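The numbering used here applies: residue 52 is where the sequence shown begins, and numbers increase by one. Below is one structure, written out as structure tokens; comments come after it.
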Amino acid sequence: MNLLLYGAPGSGKGTQANMLRTHFGIPHIATGDMLRAEIQAGTALGRQAQPILAAGQYVSDEIMIGIVRHRLGKADCAPGFIMDGFPRTVPQAEALDDLMHELGKRFDRVIYLKVPVEELLHRLSGRLVCPTCQRTYPPQTTACAADGSALVQREDDKPEAVRPRIEIYLDKTVPVLDHYRHERLVSEIDGRGTIDEISSQVLAAVNGKHSSPLMGKSPAAGRAQGALPEKPGDGAKTKTA
Ligand code: AMP
Numbered sequence: 052m053n054l055l056l057y058g059a060p061g062s063g064k065g066t067q068a069n070m071l072r073t074h075f076g077i078p079h080i081a082t083g084d085m086l087r088a089e090i091q092a093g094t095a096l097g098r099q100a101q102p103i104l105a106a107g108q109y110v111s112d113e114i115m116i117g118i119v120r121h122r123l124g125k126a127d128c129a130p131g132f133i134m135d136g137f138p139r140t141v142p143q144a145e146a147l148d149d150l151m152h153e154l155g156k157r158f159d160r161v162i163y164l165k166v167p168v169e170e171l172l173h174r175l176s177g178r179l180v181c182p183t184c185q186r187t188y189p190p191q192t193t194a195c196a197a198d199g200s201a202l203v204q205r206e207d208d209k210p211e212a213v214r215p216r217i218e219i220y221l222d223k224t225v226p227v228l229d230h231y232r233h234e235r236l237v238s239e240i241d242g243r244g245t246i247d248e249i250s251s252q253v254l255a256a257v258n259g260k261h262s263s264p265l266m267g268k269s270p271a272a273g274r275a276q277g278a279l280p281e282k283p284g285d286g287a288k289t290k291t292a
């Protein structure tokens, strides 16, 4: 079972990836987590990536493709994997096609967790994360319910990085879904609701009981996630992503 998980920062991707990992017993490959581990370990890649992540921008395609190529070559990916955070650009999607072809693999389903931009901004402001298991929690939570670790705020969840992250996601990553829509692989799921409700829809989609309302529509439909509202004080305008 090879799955691709899409969703903006704050869409609940990590939670659903954990559920899928437990359910199918296959690894969760999260490129953001891999970069944060490099930063934590102080490697050359980590030092290069740190300011890019802090600003909410994207690490170069070349670096990301190299990381994913290396990771997918590992033995634990043989029975399948859940890819999260990659591909984020069209060149990354094209490189992943080539890599999957080389490995003799194909994706079974692409899950897109869709959440309105206003809700994403609300969820990310003040979000806390467990440094041990990466579970996320609402503001004011003190300790991780799973392992008791003290929670921290991710550097890129600070207000100055949240908007650029969502902006770049709408601009560069939502269009990548069209790549998979052409292959009729995308299931679009409303990322609002309880975790259990969303999990059961995700599982139904993976098991082939859910089809995307956007399937077969124009490529522009991929931009339906919405536009990023202007910053407070910019007036009532909205900017189209
Ligand atoms: P995430 O945890 O998926 O939100 O990723 C955190 C950050 O890591 C992103 O904001 C980017 O700076 C970087 N990153 C993760 N995956 C990629 C990717 N596929 N391409 C470029 N940058 C990435």
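Every residue gets a Cβ at the ideal spot worked out from N, C-alpha and C, and that includes glycine. Computed from a prediction, not measured in an experiment: that's the story for all the values here.
Locate the beta strand (DSSP E) running through residue i, then write down its first and last residues.
i      : result
GLY58  : 53 to 58
HIS79  : 79 to 81
PHE132 : 132 to 135
Please state if the CB of residue j and the CB of residue i are separated by a distance shorter than 7 angstroms.
i      : j      : result
LEU56  : LYS64  : yes
GLU248 : TYR163 : no
ASP208 : ARG178 : yes
ARG139 : THR224 : yes
GLY155 : MET52  : no
TYR188 : ALA59  : no
ARG120 : LEU147 : no
LEU171 : GLY61  : yes
VAL227 : VAL141 : yes
Here's a check: name, in chain order, each residue in its chain whose Cβ is nearer than 6 angstroms to the Cβ of residue i, leaving out the five neighbours to either side.
i      : result
HIS230 : ALA144
GLY107 : ASP207, ALA212, PRO215, ARG216
PRO102 : none
MET70  : SER250
PRO190 : GLY177
Give the DSSP bridge partners of residue i, in chain order.
i      : result
GLY220 : Contrary to the premise, residue 220 reads as Tyr rather than Gly in this sequence. For TYR220, which the question treats as bridged, DSSP gives no partner whatsoever.
LEU164 : GLY58, ILE240
ALA194 : ALA201
THR187 : VAL180
Apart from the five residues just before and just after residue i, which ones in its own chain have a Cβ nearer than 7 angstroms to its Cβ?
i      : result
LEU236 : PHE158, ARG160, VAL161
CYS195 : CYS181, THR183, CYS184, ARG186, LEU202
GLY83  : GLY136
ASP241 : LYS165
ALA68  : LEU56, HIS79, ALA81, ILE133, ASP135
ARG205 : VAL180
ALA100 : LEU86, GLU89, ILE90, VAL110
ILE293 : In the structure displayed, the chain extends from 52 to 292; residue 293 sits before or after that span and is not available.
PHE75  : MET52, GLY131
THR66  : ILE246
ILE118 : THR82, MET85
MET115 : THR82, PHE137, GLN143
ASP127 : PRO78
Alpha helix (DSSP H) containing residue i: first to last residue?
i      : result
ARG370 : Lying outside 52 to 292, the shown extent of the chain, residue 370 is not represented and no answer is given.
ASP241 : Where ASP241 is concerned, there is no enclosing alpha helix (DSSP H), although the beta strand (DSSP E) it sits in stretches over 237 to 241.
VAL227 : 227 to 232
PRO102 : 95 to 105
In three-state DSSP terms, what is residue i?
i      : result
ASP247 : helix
ALA144 : helix
VAL180 : strand
ARG214 : helix
THR64  : With the sequence shown as reference, residue 64 is identified as Lys, and Thr is not the correct amino acid for it. Helix, per DSSP.
ALA271 : The predicted position of ALA271 is uncertain, since its pLDDT is 37 and thus under 50; no value can be drawn from it.
ARG139 : coil
ALA129 : coil
ASP149 : helix
PHE158 : coil
ASN308 : Since the first and last residues shown for the chain are 52 and 292, residue 308 lies out of range.
GLN91  : helix
GLN108 : coil
MET266 : Note that MET266 scores 39 on pLDDT, short of 50, meaning its location in the model is unreliable and no value can be drawn from it.
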